Amino acid sequence: MNRIPLASVARFVVIAILVVFAGFPVYWMASTALNVSSQLYNTGQVPWPQLGNLPGLIHELGQVPLLRWLVNAGVIAAGTSVLSLLLGSVMGYALSRFRFHGRGAIGFLLFMTQVIPEALIVVPLYAMFIVLGLLNSLEGLVLANVGFSMPVTAFILKNAMDAVPHEIEESALIDNCPRIGILTMVILPLIAPSVAAAAVIGFFAGWNEFLFAVTFLGDPKLWPTSVGLASFIGQYEVPLSAVMGSALVFSLPAIVFFLLVQRRIVAGLTAGAVKG
Amino acid sequence: MTGTAGHQTVTPGRGRRRTVHLERWLPYAFVALPFGYLVLFMFWPLTDQMLMSFADTKLMNPNAGKFIGLDNYRRLVADPQFYTTLRITIVYTVLAVLFGVGLGVIAAFAIDRPFRGRAAVRAVLLFGWAVPGVAAALIWLWIFNLPSGVLNDITQAMGLGRLRWTNSLGLALPSILIVTVWQVSPFVMLVVLAALQSVPEEVREAARIDGADALNVFRNVTLPHILPTLQLVSLLIAVWSIRRFDVIYLLTGGGPIGSTSTLVVELRQTAFEDFNLGMASAYGAVGLVLALLVALVHFLFERHRARVMSR
Chain D
46 MNRIPLASVA RFVVIAILVV FAGFPVYWMA STALNVSSQL YNTGQVPWPQ LGNLPGLIHE
106 LGQVPLLRWL VNAGVIAAGT SVLSLLLGSV MGYALSRFRF HGRGAIGFLL FMTQVIPEAL
166 IVVPLYAMFI VLGLLNSLEG LVLANVGFSM PVTAFILKNA MDAVPHEIEE SALIDNCPRI
226 GILTMVILPL IAPSVAAAAV IGFFAGWNEF LFAVTFLGDP KLWPTSVGLA SFIGQYEVPL
286 SAVMGSALVF SLPAIVFFLL VQRRIVAGLT AGAVKG
Chain W
3 MTGTAGHQTV TPGRGRRRTV HLERWLPYAF VALPFGYLVL FMFWPLTDQM LMSFADTKLM
63 NPNAGKFIGL DNYRRLVADP QFYTTLRITI VYTVLAVLFG VGLGVIAAFA IDRPFRGRAA
123 VRAVLLFGWA VPGVAAALIW LWIFNLPSGV LNDITQAMGL GRLRWTNSLG LALPSILIVT
183 VWQVSPFVML VVLAALQSVP EEVREAARID GADALNVFRN VTLPHILPTL QLVSLLIAVW
243 SIRRFDVIYL LTGGGPIGST STLVVELRQT AFEDFNLGMA SAYGAVGLVL ALLVALVHFL
303 FERHRARVMS R
């Protein structure tokens, strides 16, 4: 009789510890953002969020170029997402619907892109972008990001397409509808939830990216939020509440969307490794 | 559309042959653009990186470099930092897998069975995974802060004093590992949860009726069922650890004295702060070998499992 309550108490203690470890840093980010900076260093941090300081925080955020960083990050993210979808859907369709020489090799190479560290191609891309005039441009950054995000998109869409019965497109083929029309007008609408998930994953790959952005974008006007936030480190003119407030604004969309599409992200990231 | 259909009825034979001919090349027409893209922006740069490791390329003019054979590699193996870097990369990767997978599995088992508020708990447990790396680095830098960080308030209250988390030789790597585990364990939890939910309840029930206790059910039913998942997720965490740049670079910058400098951090610093592209490329070659090794281990496991399952 005694064992059952003991086991469940132990379980809830474990859950409580996990919740504190996982949740505290995000809570602390919000709490710090709502502190007055002089408090943070002198009288000590007030641990609970002081919502009364929200207008002050908004004023402070107006003093840093957060809006421009967010717009740049949004442009990079949207570009990465759209180009990944365009290329990834065609690739996914080919892998799902055709049996051809080299199919296995292409699957393997797509898997390899997920193993290669970004840092391994940062120097040659830098050299290539000098020649192509893509250094210090958001377009160049998108082109670099897509190499890593497109294979994920292709795997997600291929898996979704595998579940679409062939009969559906065979009737369209008999009507002499071109293949690319079948893909865009028949298949993709049928797997719309997977397309949406792939779009979100591509978007946040671009939104979060740091290594390429900090290396290729020397001009502060072009910085996305990741590079802008990193420039706060070791610099003491910007109040800490503004730093944490910016980090919070940067994180919130990612938290919301990751929680919404979590299952599909997991399926997508593991698919390439299982079937590649 | 009607035009081509009419054409087909007039000369059925020719039309069919043309279709067959087209069908054979069709897959390549589809693959050409996305694959060409990968060659241009991924595989060619990778090849170029390997070529650069045999040249004396400078950052000021990275498209001109003279062939110098194995000189970069000779300098690499003579540099003590190289061995530190290699050791740090492997230690960091192994520990990230061990603790990340360990904590993720514990979390998955803790919230596997329903309880009130599970949805909210599950959402909170995913925070570390959802927060962008740069934001995570900023939060944790503040938590680790020496004079005002909350973690040092706690250690001081415990009588341990205030600790130099991110910039002391003993604590820099553990600090990075804490942040890494915070980031990767939620992903492990999600994947393991999905696997746990696919364990057939009847089998567990049957084992229990046959007199198996909780530990036995776990060892003989649950564990074999989730083992392939654990293997896959360990591979992914290993790969991500070898790739991870932002958190390490921002938390410690690879320091103090190179004690947290993994291959990718060392490569980026050597190239863009020491302007030594040749040495950086040699690091890149080592990194590629490491990544390929992890992939190879995964493929051998997968093939082994496919064989066992087809038996």
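Chains D and W are the protein sequences, given in the same order.
Residue numbers for the first sequence follow this note's numbering, beginning at 46 and rising by one.
Residue numbers for the second sequence follow this note's numbering, beginning at 3 and rising by one.
Even for Gly, the Cβ is constructed at its ideal location relative to N, Cα and C.
Remember, it's a predicted structure, so these values are computed and weren't measured experimentally.
- Among the CB atoms of chain D, none fall inside 9 Å of the CB of W/A208.
- Closest in alpha carbon position to D/W252, among D/L304, D/V272 and D/V197, is D/V272.
- Between the segment 217-232 of chain D and the segment 152-162 of chain D there are fewer than three inter-stretch CB-CB distances shorter than 8 Å, so the stretches are not counted as touching.
- With a cut-off of 8 Å on Cβ pairs, the segment 110-130 of chain W is not in contact with the segment 253-265 of chain W, counting fewer than three such pairs.
- Within its own chain, the residues whose Cβ lies closer than 6 Å to the Cβ of D/T270, once the five positions on either side in sequence are excluded, are W114, L115, A118 and F295, listed in chain order.
- From the beta-carbon of W/P188, the residues of chain D found nearer than 8 Å are A67.
- Non-local beta-carbon contacts of W/F303 in its own chain, meaning distances under 7 Å to residues more than five positions away in sequence, involve Q233 in chain order.
- Looking at the DSSP output, W/N278 shares a beta bridge with W/K60.
- In its chain, beyond the 5 residues on either side, S291 have a beta carbon closer than 6 Å to the beta carbon of D/L111.
- D/G263 and D/N181 have their alpha carbons spaced roughly 6 Å apart.
- Residues of chain W with a Cβ closer than 8 Å to the Cβ of D/G192 are, in chain order, Y39, L40, F43 and M44.
- With a threshold of 16 other beta carbon atoms within 10 Å, W/Q158 falls short and is exposed.
- Here W/L195 is near W/D114, since their CB atoms are less than 9 Å apart.
- By DSSP's assignment, W/F69 forms a beta bridge with W/A57.
- Nearest neighbour of D/V187 by Cα position, chosen from D/V283, D/A258 and D/V64, turns out to be D/A258.
- Note that the segment 256-271 of chain W does not touch the segment 33-49 of chain W; fewer than 3 beta-carbon pairs, one per stretch, sit closer than 8 Å.
- At a Cβ-Cβ threshold of 9 Å, D/F255 and W/G130 do not count as neighbours.
- Non-local beta-carbon contacts of W/L148 in its own chain, meaning distances under 7 Å to residues more than five positions away in sequence, involve N154, R164 and R166 in chain order.
- Straight-line measurement puts the Cα of W/R124 at about 29 Å from the Cα of D/K203.
- Shown here, D/Q95 sits in coil according to DSSP, grouped into three states, outside any helix or strand.
- Taking the Cβ atoms as the reference, D/L274 lies roughly 16 Å from W/A132, outside the contact range of under 8 Å.
- The segment 235-253 of chain D makes no contact with the segment 162-172 of chain D; the number of CB pairs closer than 8 Å stays below 3.
- Shown here for D/V306: same chain residues with a beta carbon closer than 6 Å to its own, the five before and five after excluded, namely A242 and V245 in chain order.
- Here D/A208 is exposed. Its C-beta has fewer than 16 other C-beta atoms within 10 Å.
- Excluding its 5 nearest sequence neighbours in each direction, W/L279 has C-beta neighbours in its own chain below 7 Å: M54, T59, K60, L61, P64 and A273, listed in chain order.
- Buried is the label assigned to D/A250, since at least 16 other Cβ atoms lie within 10 Å of its Cβ.
- Boundaries of the alpha helix (DSSP H) harbouring W/T87: P82 to A112, taken from the DSSP string.
- If you compare the alpha carbons of W/L140, W/V99 and W/V288 with that of W/F84, the shortest gap goes to W/V288.
- Looking only at W/F277, W/F301 and W/S263, the smallest Cα-Cα distance to W/I92 is reached by W/S263.
- Within chain W, the residues whose beta carbon sits less than 8 Å from that of D/I151 are V33 and F37, listed in sequence order.
- In this structure, W/A293 is the residue among W/A293, W/V193 and W/N74 with its C-alpha nearest to the C-alpha of W/A240.
- Per DSSP, reduced to three states, the secondary structure at D/S126 is helical.
- Taking C-beta atoms as the reference points, W/L179 and D/I278 fail to come closer than 9 Å.
- Residues of chain D whose Cβ lies closer than 9 Å to the Cβ of W/I92 do not exist, since the nearest Cβ in that chain is about 14 Å away.
- By the Cβ-count criterion, W/P29 is buried, with 16 or more other Cβ atoms from all chains shown falling within 10 Å of its own Cβ.
- Within the segment 117-135 of chain D, contact with chain W at the beta-carbon level (separation under 8 Å) is assigned to L132, G133 and V135.
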